[in-house]
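Be aware that the sequence shown starts at 188, since it is given in the numbering used here, and climbs by one per residue.
No residue lacks a Cβ here, since even glycine has one placed at the ideal position from N, Cα and C.
Computed from a prediction, not measured in an experiment: that's the story for all the values here.
Below is one structure; the comments refer to it alone.
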Amino acid sequence: FIIETKYDGLRLQVHIQKHKGHAVDREKYAVKIFTRGLEIVTHMYPDIVQAIQTDIQCDDCIIEGEALGYDSDNDKFLPFQDTMQRKRKHDIADAALRIPLRLMTFELLYVDGESYLSQPLSQRKKKLATVISESSTTLKLSPMSVESESAKIESFFDTYIADGLEGIMAKKPDSIYKPGAREYSWVKLKRSYSSKVNDTID
188 FIIETKYDGL RLQVHIQKHK GHAVDREKYA VKIFTRGLEI VTHMYPDIVQ
238 AIQTDIQCDD CIIEGEALGY DSDNDKFLPF QDTMQRKRKH DIADAALRIP
288 LRLMTFELLY VDGESYLSQP LSQRKKKLAT VISESSTTLK LSPMSVESES
338 AKIESFFDTY IADGLEGIMA KKPDSIYKPG AREYSWVKLK RSYSSKVNDT
388 ID
């Protein structure tokens, strides 16, 4: 399995398109940010939009990730309650200063004219790594590890729980992207499952 962190934040899908010709309003890219329910919330996350202008390396792409409040002084994610304060319609600039976000990206659906929906997850991950700038402080690749032993998977689970995160996702490397459906290609292991995690991992 590909093992990833299960975050407790704001799931976002970001559509990015480079402006043709000269920059428009000094922005290189046109950006639209959607929620899981396809609500357009671009205006709520100006820090993510700003980071995309310098930290994305594509002409057109669609990425997905989880946005979380981040405390850079202590190098840790903020609790879900703090992150949710960024989901607002008013005083957005003030909230962005108080609670900066980090978008942990883990999916690539489309890039430069090519759909990746039917590509295996391992290939989507490889291509995503070329789209996100390594130097970015706001856009980050979600850490991942390929594991086959339950003891190592449990170790990752324990580490992420200790860090205050929600748990892990175990995904088959050859799984394709199916909107709204995980089936058994993606398995979620959350903190609330910890009392029975050994049986769940098996």
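{"Check": "Span of the beta strand (DSSP E), counted from its first residue to its last, around PHE293", "Outcome": "288-298"}
{"Check": "Range of the contiguous beta strand (DSSP E) that encloses ARG275", "Outcome": "First-last for ARG275: undefined, no H or E at that position."}
{"Check": "Pair within 8 Å by beta-carbon distance, ALA217 and ILE235", "Outcome": "no"}
{"Check": "Three-way DSSP call (helix, strand, coil) for GLU253 in this model", "Outcome": "strand"}
{"Check": "Short Cβ contact (8 Å threshold) for LYS372 with THR192", "Outcome": "Note that residue 372 corresponds to Ser in the displayed sequence, not to Lys. Not closer than 8 Å, so no."}
{"Check": "8 Å CB neighbourhood of TYR303 in its chain, flanking five on each side removed", "Outcome": "LEU295, LEU296, TYR297, GLN310, ARG311, LYS314, TYR364"}
{"Check": "Sub-8 Å separation of SER320 and ASP242 beta-carbons", "Outcome": "yes"}
{"Check": "6 Å CB neighbourhood of LYS383 in its chain, flanking five on each side removed", "Outcome": "For LYS383, the predicted model reports a pLDDT of 49, less than 50, meaning its position is unreliable; a value from the coordinates is still stated below. Hits under 6 Å: none found."}
{"Check": "Uninterrupted beta strand (DSSP E) stretches inside the stretch 313-363 (no shorter than 3 residues)", "Outcome": "326-328, 331-333, 354-358"}
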